[in-house]
Each structure stands twice: as structure tokens, then as C-alpha cells.
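Structure first, then comments.
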Amino acid sequence: MENPLLSYTLFLADNSLITGQRLSEWCGYGPILEQDIALSNIALDHLGQARMLLQYAAEQKGEGWTEDRLAYFRDEKNFRNLLMTELPKGDWGYTVMRAFLYDTYHFYEMTGLLQSKDEQLRAIAQKAIKEIRYHAQWSAEWVIRLGDGTEESHQRVKGSLLELWPFTGEFFETDEAAIELNGRGIAPNYAHIRTQWKAKVEEVLELATLERPEDGWMQSGGRNGAHTEHMGYLLAEMQHIPRSYPDAQW
Amino acid sequence: METINFEDRFQEYVDSEQKVEPKHWMPEPYRKTLIRQISQHAHSEVVGMLPEANWISRAPSLRRKVALLAKVQDEAGHGLYLYSAAETLGADRSDLVGDLLSGKAKYSSIFNYPTRSWADIGAIGWLVDGAAIANQVMLCRTSYGPYARAMVRICKEESFHQRQGYEIMLSLCRGTKEQKEMAQDALNRWWWPSLMMFGPTDKESTNSAQSMNWKIKRKSNDELRQEFIDKTVPQAEFLGLTIPDEHLELDEKTGHYQFGPIDWEEFYQVLKGNGPCNKERLEARNKAHDDGRWVREAANAFAKKTLERKGENSAA
Ligand SMILES: [Fe+2]
Ligand SMILES: [Fe+2]
Ligand SMILES: [Fe+2]
């Protein structure tokens, strides 16, 4: 097994990478030019965070590893991202609802990492926290706007919320690595993050006139490399050029 | 009594190299010409996002992915500045966009060509942004103030795009045999359409003379095209690539490159809608617009509710 710090770094990195990859699919296709720009900006932030984290992971892996080798030459089963991040982009309502559920979680996670005893993770969290706060605000505003907009928008985001809810349980799962790292003061306490997340989500959903779904069966597996069928296509598209020309520099 | 001819006064004003501002009197044809030109330019920025966005998900390194996404996002920003500049002339952005979506308004034909390989992203940055810069540097001195100022901002970013594109080409040309072939293939396909970006030859160009008089334009299509060729040929040589023109030759006397005949038939066909991607581009813009309708309606409805709630609060 990889050492806990490495596997945790990759978990964080892959969440940012796959989120950035999915969000960037909107570039050129947004509902309003201003929002096209806003969402591209957010995608850029996630990709920037992914790069810092992958560079750190590569440093930990040592000899011959780089951010690109980690992004382009790992197979699906070695990606650790949360299943929610890899789901197809859906309509604008689905995209902002997913962003809201994930960004809110991401914000508390990164806030926790501001206290990390690992110097590099702490430095990355310090660099990223401002943009992550903005993402969480931006997506919360959109959820409220669509939830409390028209009847159609309300129905649409309500549907998205129901579809996405079973993927939120995975946010707070703690594997051995996470427990060990939390004990060493490197990773935050995810039970604590869950409490903060729940309170914030309830507050925003109420403003959006949406009901919080009941917690039922939760999907799981991303952390261990057991992904949805969507992941294979995402990776095939993202990785195919470097894999077709393995000796090339770009 | 002396009659004041507004047109003459306007021409004198423009001739004295002063900028026309939104509140100034201007001849109607001047206003119309500018609205048409600025909105076409705005549409080109927005439609131009599509061929490049086609490669964001497949960019071959994370550094390239981030740079490309940022570039395409810049183009959206250019679209916004330009729509705003058109609005200072009394145009309405949603009408202008409506004309694009219905196919009534034009945008640069270059974006009706497909991006087939990663090298196309390099070639577009180098050649298409390069040709755009030649035109836009001139427009930084155009007589209409808001347009000139928008161009100054835009030009800085376009130069950055061009360097980035050239740098992609350089990596490919210094790379493997396949990469170099990819780069040559992209140059072969983008060279002629890039030359066509400057528009018809001066002999064929109908609106040019009036635009030059009003100092909207300051150089003719042929002058700009020649400038671009003179600048670009040595760059291709540095890359070790061959420009697909057997007639290309440096004229020692003038210092300019002579070049072969441009296929104007192709130009007019693409302009008429028969390019390889005209249909896709317009469909993509229309689909994004239609898919976004419920979102815009919801945003408006919410904004209205928020305003009403504020009103109730302050009344209470
Ligand atoms: Fe541009
Ligand atoms: Fe441009
Ligand atoms: Fe550009």
C-alpha cells in the first residue's frame, strides 16, 4: 500500500483534477457569456490546485514522476477522486448543484487543512482557500437563484439535488489513511467537516426553497479506484494524446 | 448666413486625429458601419472559442490545458468588451446576438475550419491570433474612442496568445517525427485561411475606401496581409516548417515576400456558409443559447423577486 500521506495527497489532487476537467467542458457553451467566463475561471482554479497537489504527490513518489505522468499515465483504478466529481456535466442546474454540494465540502476540508502539520498541504490550502471560498459562494448563489427562480428552474434543480444526494456520503468516509493522518494532525477530522457541511447546506437549501433529501443508501468507491462507467470515458479523452505518443514532450 | 455642414465638420474633426465619443454627433452611416464591424468582431471572438475549446479536454499536458482554457476564456472576455463598445453606439446586445444566431450577422470565416489535431491549437495561436493582431494593432488607432480603447486592452492579450501558440509549435517542431509532421500538417491547413482573414483584395473590397476616410481603418486589406506575411515567413523558417506556397519568394528590391494566388472561390464559399464547419458553429451557438434560456429566465425572475422584497422591506 502507498503511504498514507501520498494516498491522501492523490485523493485531494484527483478531486481537483477531475472537477476541473468536467467544469472546463462548459467553456464556450455557458448560458450567458459572463457566466461562461465565471465557470471557466473556477475550472482554472481547480486545475491550478490539482497541479500543485500532483506536483507534491510526484515529489513524494520520487524518481521519474511528474504531475503529467500522474495525470496522464495512471489507470482508472489508481484514481482516487470522489464519484460525484466524475459524473457527466448535465444541465446548468446540475452543474451548479454539484458544484455547491462539493464546493461547500471542499471549503471546510481546505479550512481544516490550513491547520495541517504537513507544511506543503498547509501552504497549498493557504494559496487556494480564497478561491475556494469564492467557488462556494458562487455556487450557493446559483442554487438559490435557480431554486427560487421560476417553476421550471425549481423543478430542475430539485431533480438534480435528488440525483446527486447519494454521492454526498462519500465525502466524509474515512479510510485508514485518513484516520492515521488525522491522528498526526495532517488531515482534518471529517466527522467535524460533516457537521459544518450539513449546517451550511441546510441553510442554503432553505433560501433556495428546496428540501434537503433524506439520507438513504450512499454510493461509494472512488477513493479505492472503483469508479462509475463515466470515468473511463473521461480518462480516455483526457489521456489519449500523451498515451499515443509516450515519448513526446508537449 | 453660413450653413454648417455637419458631415464636413465631422470629417475635419476625424482628420485632426481626435477621437469620436458616444455623445458626439456622427453621420448615420459611420454609426452603422461601426456597429456592423464591432459586432462582427464580437461574434468572431465568441464563435472563435469553439474550435479551440474543442481541445481543452484533450490538451496533452496540464500546463497546456490551463493555458488553453485561459486563452479561450480571454476570447469570451474580448467578446464582452466588444459588445459593450457596440452598445455605446446605441445597439442592443441581445439584438446583435440574435442576428448572429439567425445567421444574419457575419463572423470571421476562419472559425469555420475544423481543429483536427493538437497542432491546430499551436497554429491558431500563431497564425490566427497573429493575423488578428495585425488588424487590431491598426484598430488601436481607430477614430471611434470606445473601440480604440477596447482594442488596446485586447491587443495585449492577443500578443500573449500568439506567443503561446508559437511556443506550442516550437515544442512540436523540436519534438518527435510525428509531432513535427503534425505541426507541418496544421500549417498547411491554416496558412491560406489565415491570409484570407484580411478580406478581399483592395480592388474587390467595397467598403474599404469610406472606412479609410473616416479613419475607422488605417491600412488596406492588402497592406495588412503583406505585413503579416513578411512577419510570419521568418518565424516559419525558424521552426523549420515549409509554408505551403510554391510562389513564395523574397523580393530583394522591396524587402517584401511575393506570394501565390489566393483561392478566392474558397473564401466566398465559406463566407456563403459552405465551409467545413459553418453549420456546426452556428448550431453550437444556438444550442448553448436555447439550453440557457431557462437559466436566464430564472435569473431574471429571481432578480425581480429580490428587488420586490427589498421594496417591501423599505416600505415597511
Ligand atoms: Fe480575441
Ligand atoms: Fe480578436
Ligand atoms: Fe486571441
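Top to bottom, those sequences are chains A and B.
Sequence positions in the first sequence follow our numbering and run 1 to 250.
Sequence positions in the second sequence follow our numbering and run 1001 to 1316.
Where is the CB? At the ideal position from N, CA and C, for every residue including glycine.
Open item on the list: Assuming residue 1160/B is part of the alpha helix (DSSP H), what are its boundary residues?
Closed with: 1145–1173
TODO: Determine the burial state of residue 1310/B: buried for a count of at least 16 other Cβ atoms within 10 Å of its Cβ, exposed for fewer.
DONE: exposed
TODO: Identify whether residue 1257/B lies in helix, strand or coil by the three-state DSSP scheme.
DONE: strand
Task: N-terminal and C-terminal residue of the alpha helix (DSSP H) that residue 1235/B is part of - done: 1221–1239
Open item on the list: Quick check on residue 44/A: does DSSP put it in helix, strand or coil?
Closed with: helix
- [ ] Evaluate residue 46/A with the Cβ neighbour count: other Cβ atoms within 10 Å of its Cβ, from every protein chain shown; 16 or more gives buried, anything less gives exposed.
- [x] buried
TODO: Kindly provide the ranges of any beta strand (DSSP E) runs that are 3 or more residues long and lie completely inside the stretch 1065–1093 of chain B, ordered along the chain.
DONE: none
- [ ] Please confirm if the stretch 1143–1153 of chain B is in contact with the stretch 1076–1088 of chain B, defined as three or more CB-CB distances below 8 Å between the two stretches.
- [x] yes
Task: C-alpha distance - residue 133/A paired with residue 39/A, whole-angstrom precision - done: 14 Å
TODO: Report all residues from its chain with a CB closer than 7 Å to the CB of residue 180/A; omit the five preceding and five following residues, and keep chain order.
DONE: 4
Task: Cβ separation of residue 101/A and residue 113/A, assumed to be a contact under 8 Å, to the nearest whole Å - done: Actually they do not touch by this definition, with Cβ atoms about 19 Å apart.
Task: Chain-ordered neighbours of residue 30/A on chain B, where CB pairs are closer than 8 Å - done: 1288, 1292
- [ ] Would you check whether ligand 3 has a heavy atom nearer than 7 Å to the C-beta of residue 180/A?
- [x] no
Task: Residues surrounding ligand 3 [beta-carbon distance to nearest heavy atom under 5 Å] - done: 1129/B, 1158/B, 1161/B
Task: Exposure of residue 1125/B, with buried meaning 16 or more beta-carbon neighbours within 10 Å - done: buried
TODO: Could you check the C-alpha separation between residue 1072/B and residue 1053/B for me, to the nearest Å?
DONE: 7 Å
TODO: Give a single yes or no on whether residue 1249/B has its beta carbon closer than 7 Å to a heavy atom of ligand 1.
DONE: no
- [ ] Could you round the C-beta distance between residue 1225/B and residue 1195/B to whole angstroms and report it? I think they count as a contact, below 8 Å.
- [x] 6 Å
Open item on the list: Just to confirm my understanding: we take residue 255/A, look at its own chain, exclude 5 residues before and 5 after, and list those with CB closer than 7 Å. What are they?
Closed with: Examination of residue 255/A is not possible in this model, given that chain A is present from 1 through 250 alone.
- [ ] With residue 20/A as the anchor, note down where its alpha helix (DSSP H) starts and where it stops.
- [x] 4–23
TODO: Starting from residue 240/A, find everything on chain B with Cβ-Cβ shorter than 8 Å and list it in chain order.
DONE: 1058
Open item on the list: Quick check on the contact list: which residues have their beta carbon closer than 5 Å to a heavy atom of ligand 1?
Closed with: 1045/B, 1075/B, 1078/B
Task: Per-residue contacts from residue 1053/B into chain A (C-beta, under 7 Å) - done: 27, 28
Open item on the list: Within 8 Å of any Cβ in chain B, is that where the Cβ of residue 150/A sits?
Closed with: yes
Task: CB contact check: residue 1296/B to chain A, cutoff 8 Å - done: yes
- [ ] Can you say whether residue 185/A is buried or exposed, counting buried as having 16 or more other CB atoms within 10 angstroms of its CB?
- [x] exposed
Open item on the list: Please report whether the beta-carbon of residue 1118/B lies at a distance below 8 Å from any beta-carbon of chain A.
Closed with: yes
TODO: Pick helix, strand or coil for residue 1250/B, following the three-state DSSP scheme.
DONE: strand
Task: Buried versus exposed call for residue 212/A [16 or more other C-beta atoms within 10 Å across all chains shown] - done: exposed
TODO: Note down, in chain order, each residue of its chain lying with its Cβ closer than 7 Å to the Cβ of residue 1214/B, except the 5 sequence neighbours on either side.
DONE: 1014, 1030, 1143
- [ ] Say whether the stretch 1263–1273 of chain B touches the stretch 1237–1251 of chain B, bearing in mind that this needs 3 or more beta-carbon pairs closer than 8 Å, one atom from each stretch.
- [x] no
Open item on the list: So that I know if they touch, is there some Cβ in chain B lying closer than 8 Å to that of residue 245/A?
Closed with: yes
TODO: Please decide whether residue 219/A counts as near chain B, where near means a Cβ-Cβ distance under 8 Å.
DONE: no
- [ ] Give me whichever residues DSSP pairs with residue 143/A in a beta bridge.
- [x] None; residue 143/A has no bridge partner.
TODO: Go to residue 106/A, then tell me how far its alpha helix (DSSP H) extends in each direction, as first and last residue.
DONE: 92–113
Task: Contact list for the stretch 1164–1189 of chain B against chain A, Cβ threshold 7 Å - done: 1171, 1175, 1176, 1178, 1179
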